[in-house]
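Structure first, then comments.
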Amino acid sequence: MKVLTVFNHAGGAGKTSLSRELGYEMSVQGVRVLLIDLDPQANLTTWLGISDVQREETVHGVAVEGQDLPKPRRAHGMDVMPSHVSLALVEGLMMGRVGAHMRLRRALSAVKDQYDLVVIDSPPSLGQLSILGAMAADQMVVPVPTRQKGLDALPGLSEAFLEYQAVKPDLTVAIYVPTLYDSRRLHDREVLAELQANLSPVAQPVPQREAVWLDSTTAGQPVGVYAPNSPVHKDVQQLVSDVAKAAGLPFKGVNA
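So this is what it looks like as structure tokens:
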């Protein structure tokens, strides 16, 4: 079982979209996928069409009491551990609890025979839930928008990784994913070039085609369900191909 945590402490980088599409495209190819929503905003949960979530269905009990994973929801061929606004309380409840940050990893080890891939959507912060997701990961997937805020976030990312690796030395970044890319904009091209010069490995940039992304989230469906074979779906397949290759996951390719 491979555990990937999608992480960037800055908001608007594309973490949730990447998590949803990675999970769905891998599941279509027969990979047994568990998605975990660690963000109290619960965007991944709602973007999969899941509603009426109770606190007991989230990782609340795992993080605070060391409980086993609750029974997941099922959506679009994947198991999903949904989120709820009450997860915001976990930040305070985890502080001062010895070993709390390793509880999700221990809970996942109990289900390692049930899944091939776990994708964790981390909240846009450097708080306790983000640490919980990082400590559960084998590798991190880091979306970086091709905007100035993407470059501004890099020092904070580097500092966070150094702190995480101090606790979990084998934690690495599988791949950096440039997002919101518009090749017509000189600034985007310059930022992409800087990312490619200073980070490795770097995926092909994900073009900014907002309409289908936004409409698919409103519909609660992955792009491959909402607009199969569309230009955005082809972007998604290229993205997943890059991430899968970097993480050592089976993927039949863009034209599969």
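The numbers in the UniProt record's numbering rise by one with no breaks, and the one at position 224 of the sequence shown is 224. In this text, a Cβ means the ideal position worked out from N, Cα and C, and glycines have one as well.
| Asked | Found |
| --- | --- |
| Please confirm if Val240 has its CB atom under 8 Å from at least one CB of chain B. | No chain B is present in this structure, which holds just one protein chain. |
| From this set, Glu21, Ala197 and Phe251, which residue's C-alpha is nearest His76's C-alpha? | Glu21 |
| Please confirm whether Val240 and Met78 have their CB atoms less than 8 Å apart. | no |
| How many angstroms separate the CA atom of Ala100 from the CA atom of Asp68? | 13 Å |
| Could you tell me the distance, in whole angstroms, from the CA atom of Met1 to the CA atom of Ala246? | 15 Å |
| So Val33 and Val142 are in contact, right, with Cβ under 8 Å, and what is the actual spacing, rounded? | So it is not a contact: roughly 20 Å between Cβ atoms. |
| By how many angstroms is the C-alpha of Phe7 removed from the C-alpha of Lys15? | 7 Å |
| Can you tell me where the alpha helix (DSSP H) holding Pro155 begins and where it ends? | Gln148 to Val167 |
| Can you name, in chain order, every residue of its own chain whose Cβ lies under 6 Å from the Cβ of Thr46, other than the five neighbours on each side? | none |
| If you compare alpha carbons, which of Leu104, Val59, Leu162 and Leu186 is closest to Gln148? | Leu186 |
| Work out the CA separation of Ser125 and Glu65 for me, nearest whole Å. | 22 Å |
| Under 7 Å Cβ to Cβ from Ala10, same chain only, skipping five residues before and after it: list those, please. | Pro124, Lys149 and Ala153 |
| If the criterion is Cβ atoms closer than 8 Å, does the pair Asp121 and Ile50 meet it? | no |
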